[in-house]
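Chains as they are written, first to last, in the numbering used here: chain A, 1 to 198; chain B, 1001 to 1198.
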């Protein structure tokens, strides 16, 4: 992680290229993104990008996955109420960020007849959900939630109202949106609505 | 409503043009839609379309509004459990229909840098939610839900998980998805989570 790594080497370059990719996506969208523009923006040579990523889609998938998994903190406060509120507020902050806007534009572009994003990109949301599952597991261990609670179903119930407002009704999403989503998901979980059947 | 209405006249033409508009949107997307193609598909002359709709966006907004407000039945069974389940199942059926796919592609196209849909189009979802509000009002009158329940918030909680799966995680949406969404929304409503503050 030397800050004197020569151009084209080291984790600094990877971070710069991924950040440039997200910025390009946010400004010009998925279909218009080119490795040339990303390289220029990151201040590296095109070959430096191709040395790490086989193609454009691999670069985009890596950049979006990186944004999704690093830009939303996974809380561990010891209380499921706090953790769910923290997860929801983190998602709200991310949805409003340039990185979040870039990810959402790519993940939705398939539905508009634009160039079809690779499956790897479409799996980013599911990966994002997976990284949140331990929050539910810890709550079950603490006896805060029913043993059979399906963590993925609970997390989806938590985030769905936030994405719905941000993408469908285009309402402003705020901490109040996040807190309401957390209350509803938690109420459902305590009522056993997310318990695995069978 | 005469079935012998001459070409270019009567409600049959309006219905044919709106249906052709939805079909064109579903196949080619918002940006590519032209009045010429719609007219050809509907079997009418372009001037027949312009006689009723000032421009392309007015036609699209009318077609989508028509699809959204007519293709999803608003149940009135006398039971909020039944009504919410019916609303959710109707939405699932619509999301999977060609009309639903067309509407969603247009409403999401703005986030992908494609031609920006007119506000009228973006209001379609809110209009759709409005048409569902009486279901909640009737339940409050029957004493099934808290008096202060915010009908719009309840309806949004009902539909959010369905749109989330259909558009974000791209999971299949089924009647089971609809029933789970109805259970969660109803549990939250009975717990007073949607009561207007103040």
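Ideal Cβ positions, reconstructed from N, Cα and C, are used throughout, including at glycine.
May I have the straight-line CA-CA distance separating residue i from residue j, to the nearest angstrom?
i: residue 79 of chain A; j: residue 1016 of chain B; result: 57 angstroms
i: residue 1051 of chain B; j: residue 1041 of chain B; result: 17 angstroms
i: residue 1174 of chain B; j: residue 163 of chain A; result: 20 angstroms
i: residue 151 of chain A; j: residue 1036 of chain B; result: 50 angstroms
i: residue 105 of chain A; j: residue 1180 of chain B; result: 28 angstroms
i: residue 20 of chain A; j: residue 1137 of chain B; result: 50 angstroms
i: residue 189 of chain A; j: residue 195 of chain A; result: 8 angstroms
i: residue 1055 of chain B; j: residue 126 of chain A; result: 40 angstroms
i: residue 103 of chain A; j: residue 29 of chain A; result: 9 angstroms
i: residue 1097 of chain B; j: residue 1197 of chain B; result: 37 angstroms
i: residue 1053 of chain B; j: residue 1153 of chain B; result: 34 angstroms
i: residue 1142 of chain B; j: residue 81 of chain A; result: 33 angstroms
When you compare the CB positions of residue i and residue j, do they come within less than 8 angstroms of one another, or not?
i: residue 1099 of chain B; j: residue 1022 of chain B; result: yes
i: residue 1135 of chain B; j: residue 1065 of chain B; result: no
i: residue 1038 of chain B; j: residue 1027 of chain B; result: no
i: residue 1059 of chain B; j: residue 1049 of chain B; result: yes
i: residue 1085 of chain B; j: residue 1182 of chain B; result: yes
i: residue 89 of chain A; j: residue 178 of chain A; result: yes
Looking only at its own chain, which residues have a Cβ that is under 6 angstroms from the Cβ of residue i, when we skip the five neighbours before and after it?
i: residue 155 of chain A; result: 129 and 132
i: residue 1101 of chain B; result: 1026
i: residue 1063 of chain B; result: 1018, 1021 and 1022
i: residue 1112 of chain B; result: Bear in mind that a pLDDT of 44 at residue 1112 of chain B, under 50, signals an unreliable position, so the number given afterwards is only what the model happens to contain. So the list is empty, once near-sequence residues are dropped.
Between the options, which has its C-alpha nearest residue i's C-alpha?
i: residue 1144 of chain B; options: B/1187, B/1179, B/1103 and B/1054; result: B/1187
i: residue 14 of chain A; options: A/47, A/73 and A/82; result: A/47
i: residue 57 of chain A; options: A/76, A/70, A/73 and A/34; result: A/34
i: residue 1087 of chain B; options: B/1146, B/1096, B/1073 and B/1097; result: B/1073
i: residue 1061 of chain B; options: B/1081, B/1018, B/1090 and B/1093; result: B/1018
i: residue 1092 of chain B; options: B/1011, B/1149 and B/1172; result: B/1172
I'd like the list of long-range same chain contacts for residue i, defined as Cβ closer than 8 angstroms, with 5 residues on each side in sequence excluded.
i: residue 83 of chain A; result: 75, 76, 77, 135, 138 and 139
Among the residues of its own chain, which have a CB less than 7 angstroms from the CB of residue i, if the five just before and after it don't count?
i: residue 1147 of chain B; result: 1140
i: residue 1192 of chain B; result: 1146
i: residue 1149 of chain B; result: 1136, 1140, 1189, 1194 and 1195
Inset, instruction - Indicate whether the contact test is met: 3 or more Cβ pairs, each with one atom in the region 164-178 of chain A and one in the region 1153-1167 of chain B, closer than 8 angstroms. - result: yes
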